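Engineer: Could you have a look at this structure, given as structure tokens, before my questions?
Protein chains in written order, with the working numbering: chain A, 1430 to 1629; chain B, 936 to 1180.
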């Protein structure tokens, strides 16, 4: 059985995959899986080139794909190089990061990557203020309060976190407009905050 | 709520450069607003992290599946011998299929799926659940299915919304041929509206095919059609199975 047999969109070119990832259509998930499968041989290269274990190389590679999916969806990938070259550069960086973090006893290479990415959007001085406040947040309590939200809220917030726009969520969940989704989504965050504050 | 709207627009890139500047000045001058930004960032970042963890679980499953039968490199000069042998095997299989009218029993299909996909299981830890989930998977992969089931059941007892534990508990019940309990876990998974990748319905069909009692095949077909129509997890297998059932 070849690797191709596991690709969900085996005939899609890299350009097709980029379009599906940007459009957030029903093919987005298949495009993600296909992208993962297409360059999965990087894992073996990581094991040889950086002397990583298979699990470590898998982590570096899946983090690479997750980062690429995000940057393609946000139009940060500028297509200056081929997708393969772009992925390989990220993979090398992730592998080196992993080695560095291993030697400094920091095993998680992805634990707060999403928060860090969001913070990078804020200018330096303001970022420091927000960063200091985030450090005071009890993440375990926050995760636990997230679980207690109603199903609709959880579904809406999960789709948004997965990179779908309000318009795409409205279409997926049969809501009339993107504005209704946005309002409902922000109400869910407000509810989450109240639940978090009531228990802290 | 107004602040949240403002913050949401900022992170979605909906602001002009002037608005961005004002936003960042407000963080510096208004402590309440800075707290709102920090909470929004923590909550959204945590949700993104959870979404990524789910994707990593999916990627791991794909990675392990493609490793089940590794591709073997055959020297080119010997390839004709293999092709000739493959042709003979293909001809025999073709004739067999022709004379047996191309239908396969639901149990055969389910057995093949279970053998190929449930021999070992890998999961990616998710925050605080790391130890118990990993412990359950380790037990499973060492063949200690009873102990693994106890672990996953305990996780479900502690958190009735734990979809990952329900999935693994259901799979073990299925392997123990405890079909009714497996169906209960998979039904619960199926009804979890918070999951956007949900194999519950597909696993229910699989369980019915494996049980193969009177009426199970028809019920499984209804579920498989639903999986295909709604583009749910397991769709590719469902399409193939429906042709063979």
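All C-beta atoms in this analysis are idealised placements derived from N, C-alpha and C, irrespective of residue type, glycine included. Remember, predicted model here, so these are calculated numbers, not experimental data.
Could you pull out every unbroken alpha helix (DSSP H) segment of at least 4 residues lying fully inside the segment 1495–1563 of chain A, listed in chain order?
Structural biologist: Entirely contained in the segment 1495–1563 of chain A, the alpha helix (DSSP H) runs reaching 4 residues are, in chain order, 1512–1532 and 1542–1548.
Engineer: What does residue 1622(A) touch in chain B if you count any residue whose Cβ is under 7 Å from its own?
Structural biologist: Locating residue 1622(A) in the first chain gives position 193, counting from the first residue. Neighbours of residue 1622(A) on chain B, chain order: 974.
Engineer: Express the C-alpha separation of residue 1498(A) and residue 1552(A) in angstroms, rounding to a whole number.
Structural biologist: For the purposes of this step, residue 1552(A) is taken as residue 123 along the first chain, with counting starting at 1. For the purposes of this step, residue 1498(A) is taken as residue 69 along the first chain, with counting starting at 1. So the two alpha carbons sit approximately 24 Å from each other.
Engineer: Buried or exposed: where does residue 1093(B) fall if 16 or more other Cβ atoms within 10 Å of its Cβ makes it buried?
Structural biologist: Residue numbering aside, residue 1093(B) sits at position 158 when the second chain is read from its first letter. Exposed, by the Cβ-count rule.
Engineer: In three-state DSSP terms, what is residue 976(B)?
Structural biologist: Within the second chain, the letter at position 41 stands for residue 976(B). Residue 976(B) falls in the helix class under three-state DSSP.
Engineer: Can you give the Cα-Cα distance for residue 995(B) and residue 985(B), rounded to whole angstroms?
Structural biologist: Position 60 of the second chain, counted from the start, is the residue given in the question as residue 995(B). Position 50 of the second chain, counted from the start, is the residue given in the question as residue 985(B). Going from the Cα of residue 995(B) to the Cα of residue 985(B) covers about 15 Å.
Engineer: Report the rounded CA-to-CA distance for residue 1485(A) versus residue 1527(A), giving the unit in angstroms.
Structural biologist: By one-based count along the first chain, residue 1485(A) stands at place 56. By one-based count along the first chain, residue 1527(A) stands at place 98. In a straight line, the C-alpha of residue 1485(A) is about 8 Å away from that of residue 1527(A).
Engineer: For the ligand GTP, any of its heavy atoms closer than 8 Å to the Cβ of residue 1095(B)?
Structural biologist: You won't find the ligand GTP in this model; it holds no ligand whatsoever.
Engineer: State buried or exposed for residue 1168(B), treating a residue as buried only when at least 16 other CB atoms are found within 10 Å of its CB.
Structural biologist: For the purposes of this step, residue 1168(B) is taken as residue 233 along the second chain, with counting starting at 1. Classification of residue 1168(B): buried, given that the 10 Å Cβ count is 16 or more.
Engineer: Can you tell me the Cα-Cα spacing of residue 982(B) and residue 1045(B), whole angstroms?
Structural biologist: Sequence index remark: in the second chain, residue 982(B) carries index 47 (1-based). Sequence index remark: in the second chain, residue 1045(B) carries index 110 (1-based). About 35 Å.
Engineer: If the cut is a Cβ gap below 9 Å, which residues of chain B does residue 1575(A) touch?
Structural biologist: On the first chain, residue 1575(A) is found 146 positions in, with the first residue counted as 1. Result: 978, 981, 982 and 985.
Engineer: Return the chain-ordered list of same chain residues with a C-beta closer than 8 Å to the C-beta of residue 1441(A), the five sequence neighbours on each side being excluded.
Structural biologist: Here residue 1441(A) refers to the residue found at position 12 of the first chain. So the qualifying residues of the chain are 1449, 1460 and 1463.
Engineer: Grab the span of the alpha helix (DSSP H) containing residue 1466(A) for me, first residue to last.
Structural biologist: Against the first chain, residue 1466(A) aligns to sequence position 37. Its alpha helix (DSSP H) spans residues 1457–1467.
Engineer: Should residue 1174(B) go down as buried or exposed, given a rule of 16 or more other Cβ atoms within 10 Å for buried?
Structural biologist: In the second chain, residue 1174(B) corresponds to position 239, counting from 1. Exposed, since its Cβ has fewer than 16 Cβ neighbours within 10 Å.
Engineer: The segment 1442–1476 of chain A: which residues have C-beta closer than 9 Å to a C-beta of chain B, in chain order?
Structural biologist: Residues passing the 9 Å Cβ filter: 1455, 1458, 1461, 1462, 1465, 1466, 1469 and 1472.
Engineer: Measure the C-alpha to C-alpha separation of residue 1091(B) and residue 1123(B) and round it to an integer number of angstroms.
Structural biologist: One-based indexing of the second chain puts residue 1091(B) at position 156. One-based indexing of the second chain puts residue 1123(B) at position 188. Approximately 11 Å, taken between the alpha carbons.
Engineer: Alpha carbon to alpha carbon, how far is residue 1621(A) from residue 1041(B)?
Structural biologist: On the first chain, residue 1621(A) is found 192 positions in, with the first residue counted as 1. On the second chain, residue 1041(B) is found 106 positions in, with the first residue counted as 1. C-alpha separation (whole angstroms): 46 Å.
Engineer: Using a cut-off of 8 Å between C-beta atoms, extract the partners of residue 1606(A) located in chain B.
Structural biologist: Your numbering for residue 1606(A) matches position 177 in the first chain. By Cβ distance, chain B contributes nothing, its closest Cβ being about 15 Å from residue 1606(A), past 8 Å.
Engineer: By Cβ distance below 8 Å, which residues in the same chain neighbour residue 1546(A) in space, the five residues on each side in sequence not counted?
Structural biologist: Position 117 of the first chain, counted from the start, is the residue given in the question as residue 1546(A). The answer, listed in chain order, is 1499.
Engineer: Under three-state DSSP, which class holds residue 1438(A)?
Structural biologist: By one-based count along the first chain, residue 1438(A) stands at place 9. Looking at residue 1438(A) - three-state DSSP - the assignment turns out to be coil, as it is neither helix nor strand.
Engineer: Alpha carbons only, please: which of 1478(A), 1582(A), 1561(A) and 1513(A) is nearest the one belonging to residue 1468(A)?
Structural biologist: Start at 1 with the first residue of the first chain, and residue 1468(A) comes out as number 39. Ranking the options by Cα distance to residue 1468(A), first place goes to 1513(A).
Engineer: Taking the alpha helix (DSSP H) that residue 1125(B) belongs to, which residues open and close that run?
Structural biologist: By one-based count along the second chain, residue 1125(B) stands at place 190. Looking at the DSSP string, the run of the alpha helix (DSSP H) that includes residue 1125(B) is 1114–1125.
Engineer: Return the residues of the segment 1104–1130 of chain B that lie within a Cβ-Cβ distance of less than 7 Å from chain A, sorted by chain order.
Structural biologist: From the segment 1104–1130 of chain B, only 1128 and 1129 have a Cβ closer than 7 Å to chain A.
Engineer: Assign residue 1475(A) to one of two classes, buried (16 or more other C-beta atoms within 10 Å of its C-beta) or exposed (fewer than that).
Structural biologist: Looking up residue 1475(A) in the first chain gives position 46. Residue 1475(A) comes out buried.
Engineer: Would you tell me roughly how many angstroms separate the C-alpha atoms of residue 1050(B) and residue 1075(B), rounded to the nearest one?
Structural biologist: In the second chain, the residue the question calls residue 1050(B) occupies position 115. In the second chain, the residue the question calls residue 1075(B) occupies position 140. About 14 Å.
Engineer: Secondary structure at residue 1056(B), three-state DSSP: helix, strand or coil?
Structural biologist: Stepping through the second chain from its first residue, residue 1056(B) is reached at position 121. Coil at residue 1056(B), not helix or strand.
Engineer: Given a threshold of 16 other Cβ atoms within 10 Å of its Cβ, counted over all protein chains shown, does residue 972(B) qualify as buried or as exposed?
Structural biologist: Here residue 972(B) corresponds to residue number 37 of the second chain, with the count starting at 1. So residue 972(B) counts as buried.
Engineer: Taking all protein chains shown into account, decide if residue 1466(A) is buried (16 or more other Cβ within 10 angstroms of its Cβ) or exposed.
Structural biologist: The residue you call residue 1466(A) lines up with position 37 of the first chain. Flag for residue 1466(A) reads buried.
Engineer: Along chain A, which residues have their Cβ under 7 Å away from the Cβ of residue 939(B)?
Structural biologist: Mapped onto the second chain, residue 939(B) falls at position 4. 1615, 1618 and 1619, listed in chain order.
Engineer: When the cut-off is 9 Å and only beta carbons count, does residue 1046(B) lie next to chain A?
Structural biologist: The residue labelled residue 1046(B) in the question sits at position 111 within the second chain. By this cut-off, residue 1046(B) is not an interface position.
Engineer: Give me, in chain order, the residues of the same chain whose beta-carbon lies closer than 7 Å to that of residue 1540(A); leave out the 5 immediate sequence neighbours on both sides.
Structural biologist: If you number the first chain from 1, residue 1540(A) lands on position 111. Any answer about residue 1540(A) is weak, because its pLDDT of 43 lies below 50 and its placement is not dependable; what the coordinates show is given next. Counting only Cβ-Cβ distances below 7 Å, and skipping sequence neighbours, we find nothing.
Engineer: Short of 6 Å in beta carbon distance, which residues of its chain neighbour residue 1106(B), apart from the five on each side in sequence? Order them along the chain.
Structural biologist: Start at 1 with the first residue of the second chain, and residue 1106(B) comes out as number 171. So the qualifying residues of the chain are 1053.
Engineer: Within 10 angstroms of its Cβ, does residue 905(B) collect 16 or more other Cβ (buried), or is it exposed?
Structural biologist: The structure shown does not extend to residue 905(B), since chain B is modelled only from 936 through 1180, so no value can be given for it.
Engineer: Pull up the distance between the alpha-carbon of residue 1579(A) and that of residue 1602(A), whole angstroms please.
Structural biologist: Translated into positions along the first chain, residue 1579(A) becomes position 150. Translated into positions along the first chain, residue 1602(A) becomes position 173. Between residue 1579(A) and residue 1602(A), the C-alpha separation is close to 15 Å.
Engineer: Which residue's Cα is closest to the Cα of residue 1617(A): 979(B), 1163(B), 969(B) and 1110(B)?
Structural biologist: As a first step, residue 1617(A) must be located in the first chain, where it is residue number 188. The shortest C-alpha separation from residue 1617(A) is found at 979(B).
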